[in-house]
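S.K.: Chains as they are written, first to last, in my numbering: chain A, 329 to 579; chain B, 329 to 579; chain C, 329 to 579; chain D, 329 to 579; chain E, 329 to 579.
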Amino acid sequence: MAEVPPTDEGWYVLHDFRTIDWDEWRETPEADRQRAIDEGVDYLNEQAAVEEGTTAVFSIIGHKADLLVLHLRPTLDAVSTAERAFERTALAGLTDQPTSYVSVTEVSGYVSDEYFQEDGEVDAGLERYIEGKLKPEIPDDEYVSFYPMSKRRGEEYNWYDLSFDERAEMMAVHGETGKGYAGKIKQIISSSVGFDDYEWGVTLFAAEPTDIKDIVYEMRFDDVSSKYGEFGSFYVGRRFPAEDLGAYLAG
Amino acid sequence: MAEVPPTDEGWYVLHDFRTIDWDEWRETPEADRQRAIDEGVDYLNEQAAVEEGTTAVFSIIGHKADLLVLHLRPTLDAVSTAERAFERTALAGLTDQPTSYVSVTEVSGYVSDEYFQEDGEVDAGLERYIEGKLKPEIPDDEYVSFYPMSKRRGEEYNWYDLSFDERAEMMAVHGETGKGYAGKIKQIISSSVGFDDYEWGVTLFAAEPTDIKDIVYEMRFDDVSSKYGEFGSFYVGRRFPAEDLGAYLAG
Amino acid sequence: MAEVPPTDEGWYVLHDFRTIDWDEWRETPEADRQRAIDEGVDYLNEQAAVEEGTTAVFSIIGHKADLLVLHLRPTLDAVSTAERAFERTALAGLTDQPTSYVSVTEVSGYVSDEYFQEDGEVDAGLERYIEGKLKPEIPDDEYVSFYPMSKRRGEEYNWYDLSFDERAEMMAVHGETGKGYAGKIKQIISSSVGFDDYEWGVTLFAAEPTDIKDIVYEMRFDDVSSKYGEFGSFYVGRRFPAEDLGAYLAG
Amino acid sequence: MAEVPPTDEGWYVLHDFRTIDWDEWRETPEADRQRAIDEGVDYLNEQAAVEEGTTAVFSIIGHKADLLVLHLRPTLDAVSTAERAFERTALAGLTDQPTSYVSVTEVSGYVSDEYFQEDGEVDAGLERYIEGKLKPEIPDDEYVSFYPMSKRRGEEYNWYDLSFDERAEMMAVHGETGKGYAGKIKQIISSSVGFDDYEWGVTLFAAEPTDIKDIVYEMRFDDVSSKYGEFGSFYVGRRFPAEDLGAYLAG
Amino acid sequence: MAEVPPTDEGWYVLHDFRTIDWDEWRETPEADRQRAIDEGVDYLNEQAAVEEGTTAVFSIIGHKADLLVLHLRPTLDAVSTAERAFERTALAGLTDQPTSYVSVTEVSGYVSDEYFQEDGEVDAGLERYIEGKLKPEIPDDEYVSFYPMSKRRGEEYNWYDLSFDERAEMMAVHGETGKGYAGKIKQIISSSVGFDDYEWGVTLFAAEPTDIKDIVYEMRFDDVSSKYGEFGSFYVGRRFPAEDLGAYLAG
């Protein structure tokens with residue numbers, strides 16, 4: 329059997345996608361609309377103000393969703409509570425939940441060898457780096473792309489049948505590609521093994537949407553993606569302040 | 329033709345997934361909500377109190393379901409009755425059934441050779457072990473992960489074309505991986521061959537959700553999964569006492 | 329081109345799956361419920377009493393369906409009429425039709441060589457055997473499993489590219505596996521080539537559901553299934569007398 | 329690059345599948361039902377009476393559809409107009425459109441070499457044959473089977489990577505199989521390349537439904553299907569005169 | 329790792345597909361219909377009149393959609409705004425959004441080598457050519473075909489594992505095929521990497537629909553498509569002036 333990389337986990341993540349029921353929105357009287365907006369803003373602000381973890385809201389383009397409410401929390405229970413709390417708002421009555429994704433932030437031994445060595449000295453820089461991966465901040469006012477992915481277990485190309493070193497080397501090359509986008513792209517990598525239909529969720533943030541396209545395209549040429557990556561649906565949108573919810577709904 | 333492993337079966341299993349119709353919930357007057365909760369709690373308690381078998385309820389995170397009602401019964405008819413009895417409750421009117429899974433608990437000759445030998449002496453320990461597999465208890469207050477799976481019949485890697493010994497050896501290695509999680513993970517393995525769309529259902533329980541992630545991830549590197557496993561959707565949640573249904577619905 | 333097996337056909341078959349709209353059922357006044365039940369029972373009895381062919385009703389477990397109404401008729405038109413006649417009952421208003429399957433009972437030259445030889449003498453026993461395949465009886469009060477299947481046309485394993493003898497030999501082995509279940513399993517094999525999405529429908533009947541699991545599992549190790557079988561969804565349930573429809577709906 | 333066969337096109341084709349909303353039908357007062365029938369019959373007769381092209385209606389068995397309205401027209405615009413004109417009838421209010429298929433009748437250089445030679449002499453017989461392919465008549469009162477298909481572009485078996493001669497030879501063998509059904513099967517072959525999700529639509533007509541099964545099954549053994557055919561969903565039904573619409577809806 | 333082609337991007341693109349809710353349309357009083365049409369026409373005209381970018385409306389044939397509203401804009405935000413502005417019209421209440429596609433116009437180093445050379449001299453002709461790709465005009469009154477596509481990453485044929493030269497040569501051959509349709513076919517190529525489920529969207533325009541069929545069919549024989557192309561759903565329709573919306577809805 330191939331060697332399993334050590335992993336460490338941080339916050340649990342729920343990508344909670346919502347569509348607006350625009351027909352109902354149009355038929356809702358102004359006062360009820362305002363109440364829906366107010367309760368939605370209050371919900372988003374309360375969730376963002378949790379003691380540990382964070383919540384952010386994004387607009388999503390196209391038919392797959394209108395909103396992404398992204399929750400990060402220290403426990404699965406807190407994620408579950410955040411999801412259900414939304415249903416107590418009047419805003420929820422104007423939305424459906426077409427899809428979602430459950431995962432937990434993760435770092436692995438491919439990425440930071442030392443961190444996982446039993447008697448490894450972890451310096452403060454690495455500590456902060458890992459902390460940023462496990463308890464990430466969500467950048468303000470930036471574009472977002474989310475997609476789930478798995479590693480291929482094909483009859484010819486089987487990620488899980490490779491040696492640790494082969495995998496680690498491909499991950500290192502992949503990391504190098506990523507470094508070319510330092511300052512332009514931030515990412516949250518979260519594992520959904522045992523939790524959802526793919527193995528990982530990838531959430532990318534950028535001030536320029538074309539940087540998202542460029543990094544995903546460039547990485548597709550890396551062996552780790554070209555030979556071993558299997559991708560689900562892609563969602564693109566932009567973060568907005570909770571207070572702008574009314575403006576968003578007004579079109 | 330390859331040798332077929334002997335199997336023995338215990339209780340039939342229905343994973344009955346339900347979504348809450350939150351729009352209807354919000355519009356339901358308080359008294360009717362309370363009646364729905366009361367009837368739901370009564371239903372869950374009555375089902376859990378059946379003479380043989382058991383029933384438990386779990387919250388599920390994300391859009392795929394809100395509740396999992398897990399029934400184990402000595403006959404398919406008793407499973408069918410349990411499923412339909414739910415429809416007599418007021419709670420049912422607030423839910424939909426987006427998916428489900430039908431199976432029967434199973435032990436096979438890969439796992440316990442002696443148990444299946446015609447004149448094999450089965451000691452009390454093995455007897456209890458097998459009994460625990462066929463008539464499993466559902467642990468209180470733990471996280472759950474459910475997923476269906478089949479063995480691959482690929483053009484290169486075909487589980488059903490391997491010799492019994494090759495299969496048994498891979499299953500043994502898989503079992504060894506599992507033993508590393510003793511005390512952390514409990515599981516129900518149930519066959520759905522001829523009953524549902526995949527060949528088996530796997531239901532994992534853990535006090536720590538990351539243990540679920542870890543065992544599924546580590547096992548994915550076992551040949552039996554890496555080369556021969558095909559997985560359906562994953563559902564994650566947590567068991568709660570029937571009496572907490574009202575609190576769950578209140579958000 | 330590979331040699332095509334001769335075939336003979338009997339009755340056309342419709343597997344008409346129905347879900348109960350339980351929300352509507354709960355809201356239907358008692359008198360209207362009774363009318364729905366009465367009309368449903370009358371419909372089922374009338375259909376079962378057709379001059380040629382038969383109709384039976386089964387409960388189905390899980391979300392995929394609640395009822396299977398199985399029609400066998402000498403013509404496609406009679407099948408179509410039976411399907412539409414259901415829509416004239418009050419019961420139909422409480423159901424949806426989530427799926428269905430159209431096929432025709434079939435015997436092929438793999439199974440009974442002599443039957444298809446032009447000047448072959450067909451003795452009375454074989455005649456009765458074939459008749460039982462083409463105009464099958466539906467056993468009372470037994471469990472049912474239905475699934476559609478096709479033969480694989482893979483790039484490596486292509487059923488339609490094998491010689492007749494290779495196919496016939498594998499079918500013979502498959503038949504031997506089946507003989508091990510004589511007295512325990514009855515089956516209807518019907519072709520859906522040109523009629524529905526897979527190539528055949530398989531309908532199994534057994535007094536013990538685990539016999540269904542066992543035969544499907546054991547057969548999966550036969551080359552014909554392990555290398556050449558592609559399976560659709562599986563549905564499991566139990567036949568009940570039309571008169572028990574009210575009891576079924578009452579939960 | 330492989331040589332592309334020359335093609336010629338005739339009428340555009342819309343397979344417009346409709347389900348009856350039986351719940352609504354049952355609740356519709358008799359007078360409104362009659363109006364729906366009358367407008368439906370008028371629509372079908374008017375469409376069938378277009379100057380160029382034709383329209384026919386078929387019953388379809390099973391859950392996928394209840395009716396197939398088949399339009400052939402000299403332009404895509406005329407097809408679009410025919411589709412939308414249906415929506416002006418009261419009948420449309422009792423139906424949904426679960427699926428459809430857009431294509432154009434086509435002959436190719438595989439089939440009739442001479443027809444496509446620049447200075448080829450096309451005799452009157454071939455002219456009529458081609459005309460019958462491009463502007464086909466729809467046989468009265470016969471069974472219909474529709475399915476879409478594409479040619480496989482597998483990693484091993486890639487139709488588009490074969491030489492013209494290899495393709496032409498397989499098509500010729502396929503044509504020979506078809507000739508065995510002369511007088512029993514009529515067909516419309518229409519290309520949907522660039523128009524719909526598969527590459528061609530196949531519409532078969534027969535007085536005997538088992539002839540449909542037999543030809544599709546026999547052809548599946550031809551290399552062109554066995555190695556290179558990829559099939560979508562199959563729909564089976566029967567043509568009926570527009571005037572019988574009321575009888576059809578009455579069950 | 330294989331060399332990544334340089335790319336440049338222009339306008340963001342939203343293919344916004346809409347179905348008409350014909351049942352609701354039929355039940356809408358004439359005055360409200362007229363208001364829906366008026367607001368729809370105003371919306372389309374306002375969107376088409378944006379300072380940078382453009383909007384066009386097309387009829388679509390078959391069940392997948394009735395209308396395609398095609399937006400091109402300099403920013404993703406402007407695309408998002410255009411999508412939501414539609415929801416403020418009364419027309420929106422008569423439509424659903426079954427699907428959509430998000431992308432950005434793109435030119436790549438395969439196509440125009442010089443354009444991407446750092447000190448390359450880009451003459452005015454090439455500049456205009458590139459500008460036409462990145463900020464394309466939508467031809468009036470022509471037929472449209474839209475489909476998404478990806479490059480295959482198969483175990484045998486993996487586009488992303490080829491050398492740049494191999495890819496560039498195949499793209500050049502593909503370009504040659506395209507040149508044979510100069511004057512007959514116009515196209516918009518837009519990347520959806522990181523934005524939507526396939527890697528590119530292809531939007532073809534032609535005065536003759538059979539030219540669309542011919543180019544897609546001929547290109548399918550190019551290695552780049554035959555071995556490396558994976559296609560999603562195809563949509564076909566025709567552009568019409570916003571003012572004709574009422575006539576379109578009238579059937």
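Every residue, glycine too, gets a C-beta built ideally from N, C-alpha and C.
Please confirm whether C/ALA376 has its beta-carbon closer than 7 Å to some beta-carbon of chain D.
M.R.: Residue 376 of chain C sits at position 48 when you count from the first residue of the third sequence. It does not: the Cβ of C/ALA376 has no partner Cβ on chain D nearer than 7 Å.
S.K.: Have a look at B/GLY482 and A/GLY482 and give me their C-alpha separation to the nearest angstrom.
M.R.: For the purposes of this step, residue 482 of chain B is taken as residue 154 along the second sequence, with counting starting at 1. For the purposes of this step, residue 482 of chain A is taken as residue 154 along the first sequence, with counting starting at 1. When rounded, the distance between both Cα atoms is 9 Å.
S.K.: Can you tell me the Cα-Cα spacing of A/TYR475 and A/VAL521, whole angstroms?
M.R.: The residue labelled residue 475 of chain A in the question sits at position 147 within the first sequence. The residue labelled residue 521 of chain A in the question sits at position 193 within the first sequence. For A/TYR475 and A/VAL521, the distance between alpha carbons rounds to 15 Å.
S.K.: Residue ranges of each alpha helix (DSSP H) run of no fewer than 4 residues wholly in the region 432-512 of chain E, ordered along the chain?
M.R.: Listed in chain order, they are 441-444, 452-462 and 492-507.
S.K.: Assuming C/ALA418 contacts C/GLN375 under a Cβ cut-off of 8 Å, what Cβ separation, rounded to an integer in Å, is found between them?
M.R.: In the third sequence, the residue the question calls residue 418 of chain C occupies position 90. In the third sequence, the residue the question calls residue 375 of chain C occupies position 47. So it is not a contact: roughly 16 Å between Cβ atoms.
S.K.: Give the straight-line distance between the Cα atoms of D/ARG416 and D/VAL369, rounded to the nearest whole angstrom.
M.R.: As a position in the fourth sequence, residue 416 of chain D is number 88, starting the count at 1. As a position in the fourth sequence, residue 369 of chain D is number 41, starting the count at 1. C-alpha separation (whole angstroms): 13 Å.
S.K.: For B/LEU404, which residues does DSSP report across the bridge?
M.R.: Residue 404 of chain B sits at position 76 when you count from the first residue of the second sequence. Answer by DSSP bridge pairing: none, since B/LEU404 is not bridged.
S.K.: Tell me, which residues are paired with C/HIS391 by DSSP?
M.R.: For the purposes of this step, residue 391 of chain C is identified with residue 63 of the third sequence, where counting begins at 1. C/HIS391 is not bridged to any residue.
S.K.: C/THR427 versus chain D: which residues are under 7 Å apart at the beta carbon?
M.R.: Within the third sequence, the letter at position 99 stands for residue 427 of chain C. Ordered by position in chain D, the residues that pass the 7 Å Cβ test against C/THR427 are HIS391.
S.K.: Could you tell me whether the Cβ atoms of E/TYR488 and A/PHE559 are closer together than 7 Å?
M.R.: The count along the fifth sequence starts at 1 and reaches residue 488 of chain E at position 160. The count along the first sequence starts at 1 and reaches residue 559 of chain A at position 231. Contact: no.
S.K.: At least one CB of chain E closer than 7 Å to the CB of A/GLU546: is that the case?
M.R.: Within the first sequence, numbered from 1, the residue matching residue 546 of chain A stands at position 218. Yes, A/GLU546 lies at the interface with chain E (some Cβ there is under 7 Å from its Cβ).
S.K.: Applying a beta-carbon distance threshold of less than 8 Å, which residues of chain A neighbour B/ASP349?
M.R.: The residue you call residue 349 of chain B lines up with position 21 of the second sequence. Simply none; closest approach about 10 Å.
S.K.: For B/ALA406, does the count of other Cβ atoms within 10 angstroms reach 16, so buried, or fall short, so exposed?
M.R.: Your numbering for residue 406 of chain B matches position 78 in the second sequence. Result: buried.
S.K.: If we call anything under 7 Å between Cβ atoms a contact, is C/ARG567 one with C/GLU465?
M.R.: Within the third sequence, numbered from 1, the residue matching residue 567 of chain C stands at position 239. Within the third sequence, numbered from 1, the residue matching residue 465 of chain C stands at position 137. Not closer than 7 Å, so no.
S.K.: Can you find the residues in the same chain that come closer than 8 Å, C-beta to C-beta, to D/GLU331, ignoring five residues on each side of it along the sequence?
M.R.: By 1-based counting over the fourth sequence, the position of residue 331 of chain D is 3. Contacts found: SER491 and PHE492.
S.K.: Quick one: is D/VAL332 near chain E, going by C-beta distance under 7 Å?
M.R.: One-based indexing of the fourth sequence puts residue 332 of chain D at position 4. Judged by the 7 Å Cβ criterion, D/VAL332 is in contact with chain E.
S.K.: Got a sec: is the Cβ-Cβ distance from C/GLU527 to anything in chain B below 7 Å?
M.R.: Taking the third sequence and counting its residues from 1, one reaches residue 527 of chain C at position 199. With 7 Å as the cut-off, C/GLU527 does not count as an interface residue toward chain B.
S.K.: Below 8 Å, can you find three or more Cβ-Cβ pairs linking the region 448-467 of chain B to the region 505-513 of chain B?
M.R.: Contact fails: fewer than three Cβ-Cβ distances are below 8 Å.
S.K.: Using CA atoms only, rank isn't needed, just tell me which of B/GLU504, B/GLU459 and B/SER554 is closest to B/ASP336.
M.R.: By one-based count along the second sequence, residue 336 of chain B stands at place 8. Of the candidates B/GLU504, B/GLU459 and B/SER554, the one whose C-alpha sits nearest the C-alpha of B/ASP336 is B/GLU459.
S.K.: When you compare the CB of A/SER589 with every CB in chain B, is at least one pair closer than 7 Å?
M.R.: Since the displayed chain A opens at 329 and closes at 579, residue 589 of chain A lies outside it and no answer follows.
S.K.: Name, in chain order, the residues that DSSP records as bridge partners for A/ARG566.
M.R.: Counted from its first residue, the first sequence places residue 566 of chain A at position 238. In DSSP, A/ARG566 forms a bridge with A/SER387 and A/TYR471.
S.K.: Just checking: is the beta-carbon of D/ARG319 within a distance shorter than 7 Å of some beta-carbon in chain E?
M.R.: Lying outside 329 to 579, the shown extent of chain D, residue 319 of chain D is not represented and no answer is given.
S.K.: Quick check on the DSSP output: the alpha helix (DSSP H) that includes E/VAL544 runs from which residue to which?
M.R.: Against the fifth sequence, residue 544 of chain E aligns to sequence position 216. Run containing E/VAL544: 537-548, per the alpha helix (DSSP H) assignment.
S.K.: Take E/THR356 and list the residues in its own chain whose beta-carbon comes closer than 8 Å to its own, dropping the five residues that flank it on each side.
M.R.: On the fifth sequence, residue 356 of chain E is found 28 positions in, with the first residue counted as 1. Same-chain partners within the cutoff: ALA364 and LEU422.
S.K.: Which ranges does the beta strand (DSSP E) cover as unbroken runs of at least 3 residues, wholly within the region 335-359 of chain C, from first to last along the chain?
M.R.: Counting whole runs of 3 or more residues, the region 335-359 of chain C contains the beta strand (DSSP E) stretches 335-348.
S.K.: Would you say D/ALA413 lies against chain E (beta-carbon separation less than 7 Å)?
M.R.: As a position in the fourth sequence, residue 413 of chain D is number 85, starting the count at 1. For D/ALA413, the answer is yes, since a Cβ of chain E falls inside 7 Å of its Cβ.
S.K.: Can you give me the C-alpha to C-alpha distance between D/ASP539 and D/ILE513, rounded to a whole angstrom?
M.R.: If you number the fourth sequence from 1, residue 539 of chain D lands on position 211. If you number the fourth sequence from 1, residue 513 of chain D lands on position 185. Taking the straight line from one Cα to the other gives about 7 Å.
S.K.: Assuming C/GLU529 is part of the beta strand (DSSP E), what are its boundary residues?
M.R.: Numbered from 1 along the third sequence, position 201 holds the residue referred to as residue 529 of chain C. Just to set this straight, residue 529 of chain C is Gly in the shown sequence, not Glu. Start and end: 528-534.
S.K.: Kindly list, in the order they appear in chain C, the residues whose Cβ is closer than 8 Å to that of B/GLU337.
M.R.: Here residue 337 of chain B corresponds to residue number 9 of the second sequence, with the count starting at 1. Under the 8 Å cutoff, chain C gives THR538 and LYS541.
S.K.: Who are the neighbours of B/ASP405 on chain C, taking C-beta pairs under 8 Å?
M.R.: For the purposes of this step, residue 405 of chain B is taken as the residue at position 77 of the second sequence. Chain C residues near B/ASP405: ARG566.
S.K.: Establish whether the CB of E/GLU358 and some CB of chain D are separated by less than 7 Å.
M.R.: Within the fifth sequence, residue 358 of chain E is the residue found at index 30, counting from 1. Cβ-Cβ to chain D under 7 Å: no for E/GLU358.
S.K.: Nearest-angstrom Cα distance between E/GLU504 and D/TRP339?
M.R.: By 1-based counting over the fifth sequence, the position of residue 504 of chain E is 176. By 1-based counting over the fourth sequence, the position of residue 339 of chain D is 11. Each residue's Cα considered, the two are about 30 Å apart.
S.K.: What three-state label does DSSP hand C/GLU379 in the structure shown?
M.R.: Residue numbering aside, residue 379 of chain C sits at position 51 when the third sequence is read from its first letter. In the structure shown, C/GLU379 sits in coil (DSSP, three-state: anything other than H, G, I, E or B).
S.K.: With distances taken Cα to Cα, identify the nearest neighbour of C/ASN486 among D/ASP551, D/VAL544 and D/ARG456.
M.R.: Position 158 of the third sequence, counted from the first residue, corresponds to residue 486 of chain C. Among D/ASP551, D/VAL544 and D/ARG456, the Cα nearest to that of C/ASN486 belongs to D/ASP551.
S.K.: Would you call the CB atoms of C/LEU398 and C/ALA384 closer than 7 Å?
M.R.: Walking along the third sequence from the start, residue 398 of chain C turns up at place 70. Walking along the third sequence from the start, residue 384 of chain C turns up at place 56. Going by C-beta atoms, C/LEU398 is nearer than 7 Å to C/ALA384.
S.K.: By Cβ distance, which residues of its chain are closer than 7 Å to E/HIS502, with the 5 residues on each side in sequence left out?
M.R.: Counted from its first residue, the fifth sequence places residue 502 of chain E at position 174. Cβ within range, chain order: MET547, ASP550 and VAL552.
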